[in-house]
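Heads up: the sequence lines are chains A and B, in that order. My numbering numbers the first residue of the first sequence as 659 and each following residue consecutively. My numbering numbers the first residue of the second sequence as 659 and each following residue consecutively. Yeah, the Cβ is synthetic: ideal placement off N, Cα and C, and Gly gets one too. Given the structure is predicted, the values throughout are model-derived calculations rather than measurements. What follows is a set of notes on a single structure, which appears directly below.
Number of protein chains: 2
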Amino acid sequence: MSYRLFYWPQIQGRGEFVRLALEAAGIDYDDVARRTGAEGLMSDMAARRGRAPFAPPYLDADGLVIAQVADILLYLGDRHGLAPSNIADRYWIHQVQLTIADLVAEVHDVHHPVDLSAYYEEQKDEAARRAGVFRAARLPKFLDWLEGAAEANAGEWLIDHRWTYADTSLFQVIEGLRYMFPRRMATLAPRYPALARVHGLVAALPGVRAYLSSERRIPFNTQGIFRHYAELDAE
Amino acid sequence: MSYRLFYWPQIQGRGEFVRLALEAAGIDYDDVARRTGAEGLMSDMAARRGRAPFAPPYLDADGLVIAQVADILLYLGDRHGLAPSNIADRYWIHQVQLTIADLVAEVHDVHHPVDLSAYYEEQKDEAARRAGVFRAARLPKFLDWLEGAAEANAGEWLIDHRWTYADTSLFQVIEGLRYMFPRRMATLAPRYPALARVHGLVAALPGVRAYLSSERRIPFNTQGIFRHYAELDAE
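Structure, rendered in structure tokens:
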């Protein structure tokens, strides 16, 4: 089985949730657009027919093409044991992943509240209003819930005694939020010891450590989903 | 196995995607808050510990509690054969469901672009701008993709020769969009014959027909996700 991952080569974005799971598991993959540039991704997208992806990221597994981060991770989880096999844990981990996906969508809307195709600079007033609501209400609501999810397990990870794709996704969303909202996240940090625990455990996984220190890890920037604009952050 | 569905009793909302799959399959369920009122839902939410839902809808299957529409449908699909069993079709149908979920989230943001906790009337200007972008760009982009998904199968449904949970979800999203944007959807209709085909097939399923004509089907209204505000619609 050879994997080709298709995603924008300049950003972490949604593709990063897939990259992290693959890297943590030591699964080989070709991050196509890192070689070809965005043009290679766009021409691949344009050439696909039938069951084509709605948007990147998508994974081509010897011709089986899967888009949507949560669906890709479901597949990788099933195939490579990156998810628990018992029924209750299996749907629980997917539920955590889908809730993280909802959080990521809201993060994106903070800087693009009214026009997804326009620049942030064209919707700064609306973004400021949305960011205020996000920092005050939505962010703590999501983090409270994720903290509860991490507390629900007596073990170290979200489930039992080993990491799953939801752990790597939780790591990434914490990373992104710390980059985007450093002041707000510093204020909130004491409320979330279990999230800090899981974040630290993921960061210490050998595959993740190697990845984060490699040039394969693209730095956060203001082209991606998590964007640091100082005016959108506050304590 | 007995199912208890927890969702707001006054709206179709996200719960409707679960209700429709259950009704189409003839699976018995207790729509709890239709009996108890919203108070019953809220007190149930507040009492849950450990692996608690982030938000309704959630399904309690003899103590196994699953939230997130796509996760609930994945579970029902696995358990009741409402999804294909072969690998490629299985992840494809889930991918369609997740893309419909993204569309539903964008529909919600049309009337709540900057503050999820405030009334539509407090963000009408922002909503008007977002609605314009949605009608012109995002809606056709999603519908083009869904049309392609419906065309990708030579059979009648999204997959092969029988309905899956993605078909009932596709039906619901078309229903909702026709209610919310009657003028825009009328203009776009000729471009989407395959979507009309699947919509019609789902509407004719005996379980769905019976449900739609029952009082279990709550009419669309301006409390739900799909809301008709004439000022947000246009040809």
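Does residue i pass the burial test, meaning 16 or more other C-beta atoms within 10 Å, or should it be called exposed?
i, result
"Arg841 (chain A)", "exposed"
"Pro848 (chain B)", "exposed"
"Ala741 (chain B)", "buried"
"Gly695 (chain A)", "exposed"
"Ala861 (chain A)", "exposed"
"Ala776 (chain A)", "exposed"
"Ile745 (chain A)", "exposed"
"Pro864 (chain A)", "exposed"
"Gly708 (chain A)", "exposed"
"Glu697 (chain B)", "exposed"
"Glu780 (chain A)", "exposed"
"Asp783 (chain A)", "exposed"
"Thr880 (chain A)", "exposed"
"Pro771 (chain B)", "buried"
"Ala785 (chain B)", "buried"
Closer than 7 Å by C-beta to residue i: which residues in its own chain qualify, once you throw out the five before and the five after it? Chain order, please.
i, result
"Tyr850 (chain A)", "Leu801 and Glu805"
"Met659 (chain A)", "Ala719 and Asp720"
"His738 (chain A)", "Ala683 and Ile685"
"Gly882 (chain A)", "Ile669, Gln670 and Gly671"
"Asn811 (chain B)", "Ile817 and Asp818"
"Ala789 (chain A)", "Val768 and Leu890"
"Arg748 (chain B)", "Ala741 and Pro742"
"Met700 (chain A)", "none"
Beta-carbon within less than 6 Å of residue i's beta-carbon, same chain only, minus the 5 sequence neighbours each way: which residues are those?
i, result
"Leu870 (chain A)", "none"
"Leu828 (chain A)", "Val856"
"Arg836 (chain A)", "Met843"
Does the distance from the CB of residue i to the CB of residue j come in under 8 Å?
i, j, result
"Ala728 (chain A)", "Leu756 (chain A)", "yes"
"Glu893 (chain B)", "Thr845 (chain B)", "yes"
"Glu764 (chain B)", "Phe792 (chain B)", "yes"
"Val831 (chain A)", "Ile758 (chain A)", "yes"
"Arg787 (chain A)", "Asp773 (chain B)", "yes"
"Leu717 (chain A)", "Asp689 (chain A)", "no"
"Phe839 (chain B)", "Asp760 (chain B)", "no"
"Glu814 (chain B)", "Leu853 (chain B)", "no"
"Pro715 (chain B)", "Val676 (chain B)", "yes"
"Ala807 (chain B)", "Val754 (chain B)", "yes"
"Ala679 (chain A)", "Tyr823 (chain A)", "yes"
"Gly673 (chain B)", "Tyr665 (chain B)", "yes"
Check the Cβ of residue i against every Cβ in chain A and list those closer than 8 Å, keeping chain order.
i, result
"Leu821 (chain B)", "Checking the sequence shown, residue 821 (chain B) turns out to be Trp, not Leu. Result: empty, since nearest Cβ-Cβ is about 18 Å, beyond 8 Å."
"Val772 (chain B)", "Pro771, Val772, Glu784, Arg787, Arg788 and Val791"
"Gly673 (chain B)", "None at all; the shortest Cβ gap to chain A is about 15 Å."
"Tyr749 (chain B)", "Leu722, Ile724, Asp729, Leu732 and Tyr733"
Residue i CB to nearest chain A CB: under 8 Å?
i, result
"Tyr733 (chain B)", "yes"
"Ala824 (chain B)", "no"
"Thr694 (chain B)", "no"
"Leu756 (chain B)", "yes"
"Ala679 (chain B)", "no"
"Trp666 (chain B)", "no"
"Trp803 (chain B)", "yes"
"Ala763 (chain B)", "yes"
"Ala810 (chain B)", "yes"
Given that residue i touches chain A, what residues does it touch there, using C-beta distances under 9 Å?
i, result
"Ser775 (chain B)", "Val791, Ala795 and Arg796"
Does any C-beta atom of chain B lie closer than 8 Å to the C-beta of residue i?
i, result
"Arg842 (chain A)", "no"
"Ile724 (chain A)", "yes"
"His752 (chain A)", "yes"
"Asp894 (chain A)", "This structure leaves residue 894 (chain A) out entirely; chain A is present only between 659 and 893."
"Ala741 (chain A)", "no"
Using a cut-off of 7 Å between C-beta atoms, extract the partners of residue i located in chain B.
i, result
"Gly806 (chain A)", "Ala710"
Please compile the residues from chain A whose C-beta is within a distance smaller than 7 Å of the C-beta of residue i.
i, result
"Ala892 (chain B)", "Neighbours of Ala892 (chain B) on chain A: none; closest Cβ ~16 Å, over 7 Å."
From the beta carbon of residue i, is the nearest beta carbon of chain D less than 8 Å away?
i, result
"Ala746 (chain B)", "The structure shown contains no chain D; the protein chains it does contain are A and B."
With a threshold of 8 Å on Cβ separation, who are the neighbours of residue i within its own chain once the five nearest residues in sequence on each side are excluded?
i, result
"Arg874 (chain A)", "Arg677, Glu681, Asp689 and Arg692"
"Trp803 (chain A)", "Thr757"
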